[in-house]
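Inspection log for the structure reproduced underneath, given as C-alpha cells.
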Amino acid sequence: MKTLSKFSIGVGDRFAHQGKAQLQACVLASKQGIEVVPVWNKSNREHLIIGSEPSSTRAEADAAVKALGWTKPYFCDADHINLGTLDRFLDPCDFFTIDVADYIGRPAELSTIAAFTKNHPELTGTIQLQGTGETIVITTDQLSRTAAKFLFAVQEAGKVYRKIESAKGKGNFIAEISMDETDTAQTPAELLIILAAIADEGVPIQTIAPKFSGRFNKGVDYVGDVSQFAREMALDMAAIRHAVAHYGLPADLKLSVHSGSDKFSIYPAIHESMRKFDTGVHLKTAGTTWLEEIIGLAEAGGPSLALAKEIYAEAYAHRAELCAPYATVIDIDPKQLPAPAAVSGWTSDQFTSALRHNPADPAYNPSFRQLLHVGFKIAAKMGRRYLDLLEADEAVIARNVTENLYNRHIAPVFLGRHP
Ligand SMILES: [Zn+2]
C-alpha cells in the first residue's frame with residue numbers, strides 16, 4: 020500500500036515552472052535529517068483558470084524529481100475533486116483530495132442515520148482522549164444530529180473513493196477527505212464521529228482536512244485565537260489517534276492543513292502538537308509560490324519589474340471580480356491598497372518589501388499581498404509574455420521560492436525552528 024510519509028508538504032504551482040525550486044526546499048530538509056515529502060497539488064478550479072491539464076503537473080513533478088535526483092516518495096494531488104471533476108485526474112495523479120464540503124448538511128436517509136447511531140453506542144457518553152488530559156462528552160442527540168449533518172457527505176466520499184479505486188487499484192494511491200471549504204469549523208467531537216463514519220464507509224483515508232476555527236486567509240497569517248487553535252489541534256490529533264485505534268483506519272492517518280502557507284503564528288502550535296502526539300501533518304501550500312514568482316520578477320528589475328507592476332495595476336482595476344470567488348478567504352482593506360500610479364514609480368526594493376511576507380518589515384502590506392494572491396488570473400491571461408520572463412529570471416525566482424518554502428514553512432513546522 021502506498022503511504023504518505025509522516026511529514027509532507029503540498030506544493031501547488033500555478034504555472035508549473037517552480038517544481039525544481041520547490042523540491043529543493045525538501046532537499047534542504049533532508050540535509051537537516053528530516054524527510055518532508057512533496058505533493059504537487061492543483062485543483063480543478065486552478066486548472067480551469069490557467070487553462071492547464073493535470074498531466075502537466077505530473078510532467079513537472081517527474082522532471083523536478085529527475086533533475087534533482089530525488090529518491091524519496093513524491094505525489095501528484097487531484098486537489099478538491101468530486102465525481103464531476105475526477106476523470107482527467109485519474110491517470111496522472113496518485114493522491115486524491117476528495118472534497119465533500121458541498122454535501123455537508125444534506126440529509127442522509129433516516130434509516131442510515133438510525134443504523135449509524137445504533138451501531139456506535141461507544142460514541143455516546145464520556146470519551147477519554149488520550150494525551151490531552153481532556154474528555155469529550157457526546158449525547159445521543161448530538162450523535163444523531165452530527166450523523167444527520169455529515170453522513171450524506173461521507174457516503175458521497177465513498178462513491179468518489181470507489182471510482183478512484185476501480186481505476187487505480189487498491190492501495191495504489193493516497194486518499195484524503197476535505198471539509199475545509201465550508202462555513203463552520205468542525206469540533207473534535209464531530210471529527211471523531213466523522214472518522215467513525217468514514218471507517219464504516221470503507222474509505223482508508225491517510226489524511227483528513229477539517230475546517231479549523233479562526234481565519235485561514237490566502238497568503239497571510241492566521242487570524243484568530245492561537246491558544247484556542249492549539250487546543251483544538253491537539254484534540255483533533257487525539258481524536259484521530261482514537262479513531263485509528265477503534266475503527267481500523269490507516270495507522271498513519273494525519274491532519275491536512277489546507278490554506279496552510281504563511282500561517283506563521285500557529286506553526287509553533289502545530290510543531291508542538293506533532294511532537295506531543297508523535298504524528299505528522301500534511302501542510303498544503305499553493306499561492307505562496309505564485310507570490311514568490313512576482314517577488315522574483317520584481318527583484319530582477321527592468322522589464323520584469325514593469326510586468327509585476329502591470330499585473331498589480333490590472334489586479335487593482337479588476338479587484339472586485341478577482342476577489343469575489345475568494346470573499347470568504349481574504350480580508351483586503353481597500354484603503355491600504357496603493358494606487359497603481361504610485362506603484363509604477365516603485366523600486367524593486369519597494370515592491371518586494373510590500374509583497375514579501377515579512378511581518379517585521381514596516382513596508383509589508385497584507386492587503387497588497389492578498390490582492391496579488393488572487394491576481395494569478397491576470398498572469399494566466401498574459402500567457403507567453405509572463406512565462407518568458409519567468410524563464411528568463413529563473414535563478415532569482417527559484418531562490419525566492421526555495422527560501423520561502425524552506426525558511427518560512429518547512430523549518431518552523433517540521434523542524435521547530437522559528438525565524
Ligand atoms: Zn482546501
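Sequential numbering of the sequence shown, starting at 20, is according to our numbering.
Note that the Cβ used here is the ideal one computed from N, Cα and C, for glycine as well.
Residues of its chain near residue i, where Cβ-Cβ distance is below 7 Å and the 5 sequence neighbours each way are ignored
i      : result
Gly233 : Tyr241, Val242, Gly243, Asp244, Phe248
Asp297 : none
Glu175 : Val119, Tyr122
Tyr266 : Leu214, Ala215, Ala218
Phe192 : Lys21, Asp113, Phe114, Phe115, Ile183
Extent of the continuous beta strand (DSSP E) to which residue i belongs
i      : result
Leu1   : No answer is possible for residue 1: the residues shown for the chain start at 20 and end at 438.
Asp118 : 114 to 118
Gln174 : No beta strand (DSSP E) holds Gln174; the alpha helix (DSSP H) holding it covers 159 to 187.
Pro57  : 55 to 62
Ala253 : No beta strand (DSSP E) holds Ala253; the alpha helix (DSSP H) holding it covers 245 to 266.
Distance, residue j Cα to residue i Cα
i      : j      : result
Gln149 : Val55  : 27 Å
Ala44  : Tyr345 : 28 Å
Val239 : Ala133 : 43 Å
Pro140 : Thr165 : 14 Å
Ala339 : Ser130 : 46 Å
Ala382 : Pro207 : 39 Å
Asp281 : Ile314 : 15 Å
Met20  : Arg388 : 41 Å
Phe115 : Gly88  : 25 Å
Thr143 : Asp407 : 60 Å
Gly38  : Leu316 : 17 Å
Lys354 : Asn384 : 11 Å
Val46  : Asp202 : 37 Å
Val58  : Arg77  : 10 Å
Ser367 : Ile416 : 13 Å
Ala40  : Arg418 : 7 Å
Leu310 : Leu424 : 12 Å
Ala11  : Phe94  : This structure cannot settle anything about residue 11, because the visible part of the chain is limited to 20 through 438.
Val84  : Ala430 : 21 Å
Val276 : Arg107 : 25 Å
Leu272 : Ile289 : 16 Å
Asp412 : Gly321 : 11 Å
Gly435 : His99  : 29 Å
Opening and closing residue of the alpha helix (DSSP H) in which residue i lies
i      : result
Val415 : 413 to 424
Asp219 : 207 to 220
Ser49  : 38 to 50
Glu291 : 286 to 296
Glu340 : 338 to 342
Phe395 : 395 to 401
Proximal residues to residue i (C-beta, below 6 Å), its chain only, five neighbours per side dropped
i      : result
His36  : Leu409
Lys328 : Val362, Ser363
Leu162 : Thr136, Leu142, Thr143
Leu324 : Ala317, Ser367
Ser74  : Pro111
Thr444 : The shown model of the chain, from 20 to 438, leaves out residue 444, and the question about it has no answer.
For residue i, three-class secondary structure by DSSP
i      : result
Gln389 : helix
Trp365 : coil
Pro92  : coil
Asp121 : helix
Gly315 : helix
Thr347 : helix
Glu128 : coil
Arg375 : coil
Val432 : helix
Thr151 : coil
Leu23  : coil
Lys328 : helix
Phe18  : This structure does not reach residue 18, given that the chain is present from 20 up to 438, and the question cannot be answered.
Arg384 : The sequence shown places Asn at residue 384, not Arg. It is coil, neither helix nor strand.
Ala204 : coil
Leu67  : helix
Glu410 : helix
Phe135 : helix
Ala334 : helix
Leu87  : helix
Ser280 : coil
Gly321 : helix
Phe370 : helix
Identified DSSP bridge partners for residue i
i      : result
Lys303 : Gly29
Ile100 : Ile117
Thr145 : Val156
Ala80  : Ala80 is not bridged to any residue.
Thr226 : Glu195, Lys273
Arg234 : Val242
8 Å Cβ shell around residue i - same chain, five flanking residues per side excluded
i      : result
Lys237 : Ser278, Gly306, Tyr345, Val348, Ile349, Gln389, His392, Val393
Ala334 : Leu341, Leu390, Leu391, Val393, Gly394, Ile397
Thr159 : Thr136, Thr143
Ala167 : Pro126, Ala127, Ile132
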